[in-house]
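Below is one structure; the comments refer to it alone.
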Amino acid sequence: MSKMTKGIGNAAAILSSRPMTNGPQSTVDPYLFCVYHKDQYPPGNDEMEAPHSGNGMDFNPDAPYRMYHGSKVPGFPQHPHRGFETITATIDGFVDHADSVGNAGRYGQGDLQWMTAGGGIVHSEMFPLIHQEEDNPTRFFQIWLNLEAKNKMVAPHFKMFWNYEIPKYTTEDGKASVTVWVGHYFGATHENQNSPPPESWASNPENDVALLHITLKPGGKLTLPKANVQRVNRSLFYIEGESDVMRVGGKVIDRKINIHLDESVDVELELDGSAAENGEFLLMQGKPIEEPVAQHGPFVMNTRAEISQAFSDYHETQFGGWPWERDDMIFPREKGRFALSNGKKTCPSPPTSNNKEANDEL
Numbered sequence: 089m090s091k092m093t094k095g096i097g098n099a100a101a102i103l104s105s106r107p108m109t110n111g112p113q114s115t116v117d118p119y120l121f122c123v124y125h126k127d128q129y130p131p132g133n134d135e136m137e138a139p140h141s142g143n144g145m146d147f148n149p150d151a152p153y154r155m156y157h158g159s160k161v162p163g164f165p166q167h168p169h170r171g172f173e174t175i176t177a178t179i180d181g182f183v184d185h186a187d188s189v190g191n192a193g194r195y196g197q198g199d200l201q202w203m204t205a206g207g208g209i210v211h212s213e214m215f216p217l218i219h220q221e222e223d224n225p226t227r228f229f230q231i232w233l234n235l236e237a238k239n240k241m242v243a244p245h246f247k248m249f250w251n252y253e254i255p256k257y258t259t260e261d262g263k264a265s266v267t268v269w270v271g272h273y274f275g276a277t278h279e280n281q282n283s284p285p286p287e288s289w290a291s292n293p294e295n296d297v298a299l300l301h302i303t304l305k306p307g308g309k310l311t312l313p314k315a316n317v318q319r320v321n322r323s324l325f326y327i328e329g330e331s332d333v334m335r336v337g338g339k340v341i342d343r344k345i346n347i348h349l350d351e352s353v354d355v356e357l358e359l360d361g362s363a364a365e366n367g368e369f370l371l372m373q374g375k376p377i378e379e380p381v382a383q384h385g386p387f388v389m390n391t392r393a394e395i396s397q398a399f400s401d402y403h404e405t406q407f408g409g410w411p412w413e414r415d416d417m418i419f420p421r422e423k424g425r426f427a428l429s430n431g432k433k434t435c436p437s438p439p440t441s442n443n444k445e446a447n448d449e450l
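Each residue of the sequence shown is one higher than the one before, starting from 89 at the first, in this note's numbering.
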């Protein structure tokens, strides 16, 4: 029997639900892909490597951590994309990025990286084990946001938003908080929210694209406001927490699920005071693009002919080639967090113990 018996809110706001899966989650237009990475990496060696080598396809959901496509450093060595955007929203750990345009960076601990693949880019995403005397826990979301047909072949674009630049909201009692990675909710407005890449579907406020990371402490409550516009697809993922202690719209949530919400009504979220740990959600929403989707691996276009052309173009041009010394490019341990975009380097400011000033030399 549920520990919670008294419901609040609007249970009718839940249109449907399904269990969350291991690996990529089910998404709806305008999204193409969402995966929640959670790995308890051990201390790294002098080369920021894991204790054992990967087999190139290490996605074991029952292991404490995964190497993914990495060999000695976990992650995803160079691979191509065309026709959409990647949004990498971090919570813990570090990611090293390098791409065929010459952009690069190390980010994590709440930073967000946004990359428009457009007409074609090759990039790598590696997870260097920076700490040698302690574990290297890593948590982040990788989300693919589709591009309109008219923007699928735009030039690649790269943006980095440091953790302190991202709007955050906390209730007066301190028991609920929201990180507004994308969108105009919980105090994030056009004036203080970071601007998406120019050709992004999210760049038009009428599309009401939003990505929110919501955390409730035991006894915490939060009202999720209705969408800013009509005809928005809204999904709520219960990513961390216990069974039988969380309510969504008055309905007790008894397992980690992906909930399709009615965007036209407010929804109450409440974690019972008896809970032994925090509960966490990811909210994904946006107006659908409503165009045909043709996808094969790393390419997402509108027709099969365009997919064939993408493979042909990549085979012929390598989307500019790979300018880095290794396919699984990582940067020196002492590098700290930095971003190199269009030849301009930026670093987090103000500095902290984890925000070391980047060296001038990559």
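C-beta atoms are modelled at their ideal positions from N, C-alpha and C, and glycine is treated no differently.
Since this is a predicted model, take the numbers as computed values, not measurements.
Enumerate in chain order the residues of its own chain whose CB-to-CB distance from P152 is below 6 Å, with the five nearest sequence positions on each side excluded.
Stepping through the sequence shown from its first residue, residue 152 is reached at position 64. Around P152: Q128.
Please say whether L357 and I395 have beta carbons closer to each other than 8 Å?
Within the sequence shown, numbered from 1, the residue matching residue 395 stands at position 307. Within the sequence shown, numbered from 1, the residue matching residue 357 stands at position 269. No. Outside cutoff.
In whole angstroms, what separates the C-alpha of H403 from that of D296?
Within the sequence shown, the letter at position 315 stands for residue 403. Within the sequence shown, the letter at position 208 stands for residue 296. About 37 Å.
Give me the Cβ distance between G329 and E365, rounded to the nearest whole Å; I'm assuming they're in contact under 8 Å.
Counted from its first residue, the sequence shown places residue 329 at position 241. Counted from its first residue, the sequence shown places residue 365 at position 277. 7 Å between Cβ atoms; contact.
Nearest-angstrom Cα distance between F369 and L359?
Looking up residue 369 in the sequence shown gives position 281. Looking up residue 359 in the sequence shown gives position 271. C-alpha separation (whole angstroms): 12 Å.
Check D360 in the structure and name its three-state DSSP category.
One-based indexing of the sequence shown puts residue 360 at position 272. Note: D360 maps to coil in three-state DSSP.
Local conformation of D415 per DSSP, three classes:
What you label residue 415 is simply residue 327 of the sequence shown in a count that begins at 1. Looking at D415 - three-state DSSP - the assignment turns out to be coil, as it is neither helix nor strand.
G158 versus S429, A237, M417, residue with shortest Cα-Cα distance:
The residue labelled residue 158 in the question sits at position 70 within the sequence shown. Of S429, A237, M417, the residue nearest in Cα terms is M417.
What first and last residue would you give for the beta strand (DSSP E) that runs through I377?
As a first step, residue 377 is located in the sequence shown; it is residue number 289 there, counting from the start. Unbroken run through I377: none, as it is neither H nor E.
At the level of alpha carbons, what is the spacing between H169 and K126?
Within the sequence shown, residue 169 is the residue found at index 81, counting from 1. Within the sequence shown, residue 126 is the residue found at index 38, counting from 1. When rounded, the distance between both Cα atoms is 23 Å.
Beta-carbon separation of M203 and E222 under 8 Å?
Numbered from its first residue, the sequence shown carries residue 203 at position 115. Numbered from its first residue, the sequence shown carries residue 222 at position 134. Not in contact: M203 and E222 (Cβ atoms no closer than 8 Å).
Under DSSP, the beta strand (DSSP E) around S105 begins and ends at which residues?
As a first step, residue 105 is located in the sequence shown; it is residue number 17 there, counting from the start. Start and end: 102-107.
Which of the three DSSP states, helix, strand or coil, is assigned to K314?
Looking up residue 314 in the sequence shown gives position 226. If DSSP states are grouped into helix, strand and coil, K314 belongs with coil.
Cβ-Cβ separation, N280 to P255 (assumed contact under 8 Å), whole Å
The count along the sequence shown starts at 1 and reaches residue 255 at position 167. The count along the sequence shown starts at 1 and reaches residue 280 at position 192. About 6 Å; that satisfies the 8 Å criterion.
Identify, in the order they occur along the chain, each residue of the same chain with its Cβ nearer than 6 Å to the Cβ of G208, setting aside the five sequence neighbours on each side.
On the sequence shown, position 120 is the one that residue 208 refers to. Same-chain partners within the cutoff: R170, F407.
Taking only the alpha-carbon atoms, compute the straight-line gap between S104 and R343 and give it to the nearest angstrom.
Taking the first residue of the sequence shown as 1, we reach residue 104 at position 16. Taking the first residue of the sequence shown as 1, we reach residue 343 at position 255. Rounded to the nearest angstrom, the two C-alpha atoms are 14 Å apart.
May I ask you to report which of helix, strand or coil DSSP gives K160?
To locate residue 160, count along the sequence shown from 1; it is residue 72. Coil.
Can you tell me where the beta strand (DSSP E) holding S212 begins and where it ends?
As a working note, residue 212 is residue 124 in the sequence shown. Per DSSP, S212 belongs to the beta strand (DSSP E) from 209-214.
According to DSSP, residues forming a beta bridge with L299:
Numbered from its first residue, the sequence shown carries residue 299 at position 211. V270, M372, per the DSSP bridge assignment.
Have a look at A427 and D332 and give me their C-alpha separation to the nearest angstrom.
If you number the sequence shown from 1, residue 427 lands on position 339. If you number the sequence shown from 1, residue 332 lands on position 244. Roughly 42 Å separates the two Cα atoms.
What span of residues does the beta strand (DSSP E) with Q220 cover, start to end?
Within the sequence shown, the letter at position 132 stands for residue 220. That residue, Q220, is in no beta strand (DSSP E); it is neither H nor E in DSSP.
Confirm, please, whether the CB-CB distance from Y119 to I327 is below 8 Å.
In the sequence shown, residue 327 corresponds to position 239, counting from 1. In the sequence shown, residue 119 corresponds to position 31, counting from 1. No. Outside cutoff.
So which of V116, P130, S283, Y252 has the shortest CA-CA distance to V452?
Not covered by the structure: residue 452. The range shown for the chain is 89 to 450.
Report yes if the CB atom of Q244 is closer than 8 Å to the CB atom of G206, and no otherwise.
Looking up residue 244 in the sequence shown gives position 156. Looking up residue 206 in the sequence shown gives position 118. It is Pro, not Gln, that sits at residue 244 in the sequence shown. Contact flag set, yes.
Residues that K339 bridges to, as DSSP identifies them
The count along the sequence shown starts at 1 and reaches residue 339 at position 251. For K339, which the question treats as bridged, DSSP gives the partners V336.
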